[in-house]
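Chains as they are written, first to last, in my numbering: chain B, 111 to 459; chain D, -15 to 306.
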């Protein structure tokens, strides 16, 4: 089922949680809403679910106006960060809840409900926990039960609010892959909210990057990583080196010294140069745009992470780069750096 | 020397470290350790008060409770049974006594029932929704606790009495509120209103609205959400509030005394009858009724202790990782 969000504005007092947000989600997509806390991503999700109401705007689920219906009529599965399992019910009854509260006319008989719950518990691979209470489960198990409970009502869309936010790192990784494979199995249109870029890039088909109540960029994971549309996206996704530069007539200067790169069509004026850590080419002193002294090197796995104090420019600028280990760096060594790939954005303030 | 060692507990868990740790405590114990290397001096535990101080504090508390709680309770039962068990039951079987017991039970049933309803609604509104004037409402709920019960009773006299605001209208329509069951029930409801709401508000606030949101997103209606999710989550807190409400409703004297009119066999509740019988020197009968109220108090106390344990479980969000 498709979801369409148009011109949504939501204010909490003077604070605009959502500032004119437009979004279209296609059938069967697994979309990530990614942003720092306070970016409005959870508010947007809750508005789609009917747990919050926008000040103005439109929400359409499958072309049908959703704002005319309350949350209980929208047939939307919602998974909460803190699970929100019913603490006084067994796992089985938690999953059965959505089926038991259906209007008498459409409610299934007990045998059908039991079969359906069994099927869902099998789907989340936790059928052996049916008679336990939520307090007896681990965090990862609770979240899988919460997902089974949301799926029980055969939702038109599935919304997940920071579904792995309360779990420890290892369980998170497992559940991520599990969610991906589950989605490819059942193919329900899903949106999940996260502040973890790795999670968004790894799980979603498409990523929506949000900041301060606005959508900064919508694209595939590769897109938002390789071609960030704004300075915010570049800084938020992936580790970036940010240097204050001056653009004038196609040339780029750092602290008065020209850099051997083109402005790439960036407008003249104070700007910011964004370079990925691994996009800095290392060379012997005197061969690149930038020069600096290696202050500190840590090597792990295939890379070495070096802290480099740039020479020249105003004050001391220290950057961190990731370099392959084919040429081991030494502390104290003077090297030159040349950005391989980079982006220049106008400095906003 | 002897006072120095008297606080040392020989089975202190730190015994193994005594020779090093003890050295840091005082020169006295250090000297002692040198003089008698076999006797291991445990370090003094500074986390708690010295033994004698603890003993005095506990003894004070126990004797206070004995004088002010246990002794009166014993006196009540002793006086009630002073003329033998048959006199005790005869006093309780008096028509006046039976009428008072009936009235007390009736009033308690009415006020507990209504306050259960009002209390749940008020707590629900306060804990789960935001609306202007919420703080004022919370303050208002506490009002009966801060007003003297006699004043509370007097308010009803001013409203419903013959000289009151609605007195003439009520008389004209032959409706009896004051000096009748409705007045007594109203006064009791007023005085006992805060119990249910007060015991539910913190509980419901602590539990938040997440489970309700989950229920609604699963298609549950408002009523289904309340009866299937909210109510089961607060049941022990609710019982706790009802218990306290009931104890107060049955024991209320001041407010009821003002509105009752003391019509014998008609508008006397148990506490009122206790006073009347006592003033008439019918000590056995008076203490017999009083013993019933005392037993109610004891039962309430036991049930309350059990409920408090359950309530703790309810308050700790059992499926919350935080």
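Beta carbons: idealized from backbone N, C-alpha and C, even for Gly.
Just list the residues that DSSP pairs residue i with in beta bridges.
i	result
residue 455(B)	382(B)
residue 304(B)	144(B)
residue 134(B)	114(B)
residue 420(B)	402(B), 427(B)
residue 448(B)	391(B)
residue 487(B)	In the structure as shown, chain B starts at 111 and stops at 459, and residue 487(B) therefore has no counterpart that could be examined.
residue 320(B)	325(B)
residue 369(B)	362(B)
residue 409(B)	414(B)
residue 490(B)	Summary: the structure shown does not reach residue 490(B), with chain B confined to residues 111 through 459, and so no result is reported for it.
residue 478(B)	The requested residue 478(B) is not part of the displayed model; chain B covers only 111 to 459.
residue 88(D)	Looking at the DSSP assignment, residue 88(D) forms no beta bridge with any residue, so it has no partner.
residue 119(D)	Bridge partners of residue 119(D): none, in fact.
residue 166(B)	119(B)
Sort the options by Cα distance to residue i and report the nearest one.
i	options	result
residue 448(B)	254(B), 132(B), 386(B), 392(B)	392(B)
residue 384(B)	347(B), 357(B), 453(B)	453(B)
residue 176(D)	86(D), 64(D), 98(D)	98(D)
residue 256(D)	246(D), 265(D), 264(D)	246(D)
residue 111(B)	170(B), 132(B), 126(B)	170(B)
residue 275(D)	30(D), 85(D), 152(D)	85(D)
residue 174(D)	218(D), 124(D), 221(D)	124(D)
residue 122(D)	242(D), 34(D), 182(D), 243(D)	182(D)
residue 371(B)	238(B), 458(B), 360(B), 457(B)	360(B)
residue 212(B)	270(D), 206(D), 269(D)	206(D)
residue 145(B)	310(B), 332(B), 389(B), 394(B)	310(B)
residue 325(B)	125(B), 124(B), 122(B), 129(B)	129(B)
residue 137(B)	125(B), 159(B), 114(B)	114(B)
residue 253(D)	267(D), 266(D), 236(D)	236(D)
residue 300(B)	335(B), 155(B), 342(B)	155(B)
residue 178(D)	139(D), 37(D), 224(D)	224(D)
residue 142(B)	289(B), 124(B), 235(B)	289(B)
residue 182(B)	208(B), 390(B), 121(B), 436(B)	208(B)
residue 233(D)	167(D), 92(D), 147(D)	92(D)
residue 173(B)	420(B), 439(B), 286(B), 116(B)	116(B)
residue 100(D)	283(D), 295(D), 184(D)	184(D)
residue 250(B)	375(B), 331(B), 416(B), 236(B)	236(B)
residue 369(B)	185(B), 234(B), 398(B)	398(B)
residue 262(D)	43(D), 55(D), 58(D), 64(D)	64(D)
Does the CB of residue i have a neighbour CB from chain D at under 7 Å?
i	result
residue 198(B)	yes
residue 207(B)	yes
residue 125(B)	no
residue 301(B)	no
residue 211(B)	yes
residue 263(B)	yes
Taking only beta-carbon atoms, is residue i less than 7 Å away from chain B?
i	result
residue 15(D)	Note that residue 15(D) scores a pLDDT of 49, beneath 50, so its modelled location is shaky and nothing firm can be said.
residue 108(D)	no
residue 6(D)	Low per-residue confidence applies at residue 6(D): pLDDT is 41, beneath 50, and the placement is therefore not dependable, though the value from the model is reported in the following sentence. It does not; no Cβ of chain B falls within 7 Å.
residue 11(D)	With a pLDDT of only 46 at residue 11(D), under 50, the local geometry of the prediction cannot be trusted, and the value read off the model is given with reservation. So, not an interface residue.
Anything in chain E within Cβ reach of residue i, meaning under 9 Å, just list it in chain order.
i	result
residue 159(B)	In the displayed structure, chain E is absent; the protein chains listed are B and D.
Is the closest heavy atom of the ligand ATP to the C-beta of residue i under 6 Å?
i	result
residue 187(B)	You won't find the ligand ATP in this model; it holds no ligand whatsoever.
So if I threshold CB-CB distances at 8 Å, which residues from the stretch 186 to 218 of chain D count as touching chain B? 194, 195, 197, 198, 199, 200, 201, 202, 203, 204, 205, 208, 212, 213, 216, 217
Please give the ranges of any alpha helix (DSSP H) in the stretch 329 to 358 of chain B, keeping only runs that are unbroken, at least 4 residues long and fully inside the region. 331 to 336, 341 to 346
Using Cβ-Cβ distances below 7 Å, what residues of the stretch 166 to 192 of chain B are close to chain D? 181, 182, 186, 188, 190, 192
Write down every uninterrupted run of the alpha helix (DSSP H) in the stretch 165 to 223 of chain D whose length is 4 residues or greater and which is fully enclosed by it, in chain order. 165 to 176, 178 to 191, 194 to 201, 206 to 209
Whole beta strand (DSSP E) runs in the stretch 169 to 230 of chain B with 3 or more residues, listed along the chain? 186 to 189
Where in the stretch 240 to 299 of chain D do unbroken runs of the alpha helix (DSSP H), each at least 4 residues long, occur, reported from the N-terminal end onward? 254 to 263, 267 to 299
Using a beta-carbon distance cut-off of less than 7 Å, what residues from the stretch 360 to 372 of chain B approach chain D? none
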